[in-house]
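Colleague:
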Amino acid sequence: MSKTRRDFLKIAGISALGLGCSALPAAASEEGLAAAPAADAPAADTMNPHALTATRWGMAIFTRKIKGPEHFKQIISACHSYHNVPKIPKHKNEIKWIWEDSFEHTFTEKESHYLAEDVKMMDFLLLCNHCDNPPCVRVCPTKATFKRDWDGIVMMDMHRCIGCRFCMAACPYGSRSFNFGDPRPYIKELNPDYPTRMRGVVEKCDFCVERLAQGMMPACVEASEGALVFGDLDDPNSDVRKALRENFSIRRKTSLGTQPSVYYII
Amino acid sequence: MYNAKYIVPGIVVFLILATLPFWWSSIFVPGYKTPELALPKDQDKCIESADYMKANHMQMLNDWRDRVVRQGERLYTATDGKVYEMSLQNTCMKCHTNKAEFCDKCHDTASVNPYCWQCHQAPRGNEQ
Ligand code: SF4
Ligand code: SF4
Ligand code: SF4
Numbered sequence: 001m002s003k004t005r006r007d008f009l010k011i012a013g014i015s016a017l018g019l020g021c022s023a024l025p026a027a028a029s030e031e032g033l034a035a036a037p038a039a040d041a042p043a044a045d046t047m048n049p050h051a052l053t054a055t056r057w058g059m060a061i062f063t064r065k066i067k068g069p070e071h072f073k074q075i076i077s078a079c080h081s082y083h084n085v086p087k088i089p090k091h092k093n094e095i096k097w098i099w100e101d102s103f104e105h106t107f108t109e110k111e112s113h114y115l116a117e118d119v120k121m122m123d124f125l126l127l128c129n130h131c132d133n134p135p136c137v138r139v140c141p142t143k144a145t146f147k148r149d150w151d152g153i154v155m156m157d158m159h160r161c162i163g164c165r166f167c168m169a170a171c172p173y174g175s176r177s178f179n180f181g182d183p184r185p186y187i188k189e190l191n192p193d194y195p196t197r198m199r200g201v202v203e204k205c206d207f208c209v210e211r212l213a214q215g216m217m218p219a220c221v222e223a224s225e226g227a228l229v230f231g232d233l234d235d236p237n238s239d240v241r242k243a244l245r246e247n248f249s250i251r252r253k254t255s256l257g258t259q260p261s262v263y264y265i266i
Numbered sequence: 001m002y003n004a005k006y007i008v009p010g011i012v013v014f015l016i017l018a019t020l021p022f023w024w025s026s027i028f029v030p031g032y033k034t035p036e037l038a039l040p041k042d043q044d045k046c047i048e049s050a051d052y053m054k055a056n057h058m059q060m061l062n063d064w065r066d067r068v069v070r071q072g073e074r075l076y077t078a079t080d081g082k083v084y085e086m087s088l089q090n091t092c093m094k095c096h097t098n099k100a101e102f103c104d105k106c107h108d109t110a111s112v113n114p115y116c117w118q119c120h121q122a123p124r125g126n127e128q
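Residue numbers (UniProt numbering), protein chains in the order written: chain W, 1 to 266; chain Z, 1 to 128.
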């Protein structure tokens, strides 16, 4: 009897080993895919020939090139009016894709008792950072939030969002807003080319995927008059990389390891 | 039969009630009539044949949705080789400019209530 049990355990051990080994090549090939993100990019004949493409979209913000409240407003409203983002006065229900806040609120890790006066007075543009390791994607139970492996954009599929708001709890940057009610009454002028959202879904900046697909730069970048630079972080010759090479830049909450793709040139 | 005077009428009443939906609708409810749809005036054909669209437009829209949002594809090559942007709002509704007389007529008759329009904008002609 004890002999059979020994044999059984031996066979079980060997099979477990075999299973483990057979899983190894699979894991290796998955890693291979991750190393070559362009693998599942959409085929060329399904894309507009003018579409802008990259393997890692990113943004650099020349914070000092933004001159005053009017300029901020111009950039923010370019995004919000293009994407039919409602203007809801009650703070709790507010929807925002791009907004402004102070240095202390933006760079919580870089707080100093004796901050330079001008930096202390400055406001900064905030938007979704399209993180390399986005916690919002990790927690989303429906995969409504997902990362496009081929260009790094963290997208939302509004059709799938069930409004559980796990992603809002997970995002360390407060980049997501929830529609507590029907947003349409709060949109003054509808952009007929872009949909609105419905009650019960979360929304955020999507790096203007639909504009990139038509060969246009993001709306905020277009409205920024050179203060915002957008491009491929993987391409050493891109404008973003050039801006980052020539200027000192910081990112938000880097200690969390999410690896934001939005850089601030102070 | 033991207690037949209760059981037999009971069975009769049960049968009448159980079959009520069938004969009620055949006698009192008017038959199904295919609704008259207002077709786009300036177009003579849809992106695929009318029969195909009638049977499959919902699958097609579902497929478009996933391809656009999740796979990042934007263009649809029709059977006749023509290329269209995959967009309910910006392709379909540019021809079918009268949602009330086209989409709604059929959906209402069939009691189908898609919630596409809570987000996607119907053409301006329908907003009063
Ligand atoms: S900033 Fe927030 S919402 Fe955007 S990708 Fe990072 S974790 Fe997700
Ligand atoms: S609210 Fe929507 S996007 Fe966010 S985690 Fe839930 S299902 Fe995903
Ligand atoms: S990239 Fe597009 S969606 Fe994101 S903030 Fe700028 S304009 Fe808005």
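Note that CB positions come from ideal geometry on N, CA and C, so glycine has one too. Just so it is clear, the structure is predicted and the values come from calculations on it, not from any experiment.
Taking its Cβ as the centre, do 16 or more other Cβ atoms sit within 10 Å of W:A109, making it buried, or is it exposed?
Modeller: Per the sequence presented here, residue 109 of chain W reads as Glu, with Ala not at that position. W:E109 should be labelled exposed.
Colleague: Taking just the CA atoms, how far does W:I162 sit from W:L33?
Modeller: For W:L33, the predicted model reports a pLDDT of 41, less than 50, meaning its position is unreliable; a value from the coordinates is still stated below. Each residue's Cα considered, the two are about 29 Å apart.
Colleague: Who are the neighbours of Z:N90 on chain W, taking C-beta pairs under 8 Å?
Modeller: Ordered by position in chain W, the residues that pass the 8 Å Cβ test against Z:N90 are D193.
Colleague: What do you reckon, are the CB atoms on Z:G81 and W:P42 nearer than 9 Å?
Modeller: no
Colleague: Report all residues from its chain with a CB closer than 6 Å to the CB of W:A170; omit the five preceding and five following residues, and keep chain order.
Modeller: P135, C136 and V139
Colleague: Name, going along the chain, the residues of the stretch 25 to 44 of chain Z whose beta-carbon falls closer than 8 Å to a beta-carbon of chain W.
Modeller: none
Colleague: Taking only three categories from DSSP, how would you classify Z:L17?
Modeller: helix
Colleague: Hey, would you say W:V262 sits closer than 9 Å to W:H130, going by beta carbons?
Modeller: yes
Colleague: For ligand 1, enumerate in chain order all residues having a CB closer than 6 Å to any of its heavy atoms.
Modeller: W:C128, W:N129, W:H130, W:C131, W:P134, W:P135, W:C136, W:V154, W:C171, W:Y173, W:S175, W:R176, W:K204 and W:T258
Colleague: Mind pulling the beta strand (DSSP E) runs of 3 or more residues that sit fully within the stretch 83 to 156 of chain W?
Modeller: 98 to 102, 123 to 127, 145 to 147 and 154 to 156
Colleague: Please find out if some non-hydrogen atom of ligand 2 comes closer than 8 Å to the beta-carbon of W:M168.
Modeller: It does: the Cβ of W:M168 is within 8 Å (strictly closer) of some heavy atom of ligand 2.
Colleague: Beta carbon of W:P218: closer than 8 Å to some heavy atom of ligand 3?
Modeller: yes
Colleague: Taking all protein chains shown into account, decide if W:V229 is buried (16 or more other Cβ within 10 angstroms of its Cβ) or exposed.
Modeller: The residue is buried, with at least 16 neighbouring Cβ atoms inside 10 Å.
Colleague: Any idea what DSSP makes of Z:L88, helix, strand or coil?
Modeller: helix
Colleague: Does any heavy atom of ligand 2 sit closer than 8 Å to the C-beta of W:V139?
Modeller: yes
Colleague: At a threshold of 8 Å, does W:H207 count as lining ligand 3 (C-beta to nearest heavy atom)?
Modeller: Note that residue 207 of chain W corresponds to Phe in the displayed sequence, not to His. The answer is yes for W:F207.
Colleague: Under the assumption that W:S224 contacts W:I95 (Cβ atoms under 8 Å), give the Cβ distance between them as a whole number of angstroms.
Modeller: Here W:S224 is actually not in contact with W:I95; their C-beta atoms are around 21 Å apart, not less than 8 Å.
Colleague: Closer than 8 Å to a non-hydrogen atom of ligand 2 - does that hold for the CB of W:V201?
Modeller: yes
Colleague: Does any CB atom of chain W fall closer than 9 Å to the CB of Z:G72?
Modeller: yes
Colleague: For a test of the three-state rule: what should DSSP assign to W:F62, helix, strand or coil?
Modeller: strand
Colleague: Using 8 Å for Cβ pairs, my map puts W:L127 next to W:I98. What's the rounded Cβ distance?
Modeller: 4 Å
Colleague: Let me confirm a value: Z:K99 is counted as buried when at least 16 other C-beta atoms fall within 10 Å, else exposed. Which label applies?
Modeller: buried
Colleague: Over what stretch of residues does the alpha helix (DSSP H) that includes W:L212 continue unbroken?
Modeller: V209 to L212
Colleague: With DSSP run on the structure shown, which of helix, strand or coil describes Z:Y32?
Modeller: coil
Colleague: Going by alpha carbons, who is nearest to W:A243 out of W:F62, W:T46 and W:H50?
Modeller: W:F62
Colleague: Quick test of your reading: W:N93 and W:F166, contact by CB under 8 Å. State the CB separation rounded to the nearest angstrom.
Modeller: The beta carbons of W:N93 and W:F166 sit about 19 Å from each other, so the pair does not count as a contact at 8 Å.
Colleague: Compute the minimum distance between the beta carbon of W:R160 and the heavy atoms of ligand 2, and state whether it is under 8 Å.
Modeller: It does: the Cβ of W:R160 is within 8 Å (strictly closer) of some heavy atom of ligand 2.
Colleague: Using 8 Å as the cut-off, can you tell me whether the stretch 233 to 253 of chain W makes contact with the stretch 190 to 210 of chain W, which would need three or more C-beta pairs spanning the two stretches below that distance?
Modeller: no
Colleague: Find the residues of chain Z that neighbour W:D157, judging by a C-beta separation of less than 9 Å, and give them in chain order.
Modeller: Under the 9 Å cutoff, chain Z gives R65, D66, V69 and R70.
Colleague: Quick check: what's the CA-CA separation for W:R148 versus W:P86?
Modeller: Rounded to whole angstroms, W:R148 to W:P86 spans 26 Å at the Cα level.
Colleague: Suppose contacts are defined by Cβ-Cβ distances below 9 Å. Is W:G152 in contact with W:T53 by that definition?
Modeller: no
Colleague: Among the residues of its own chain, which have a CB less than 6 Å from the CB of W:D157, if the five just before and after it don't count?
Modeller: A144
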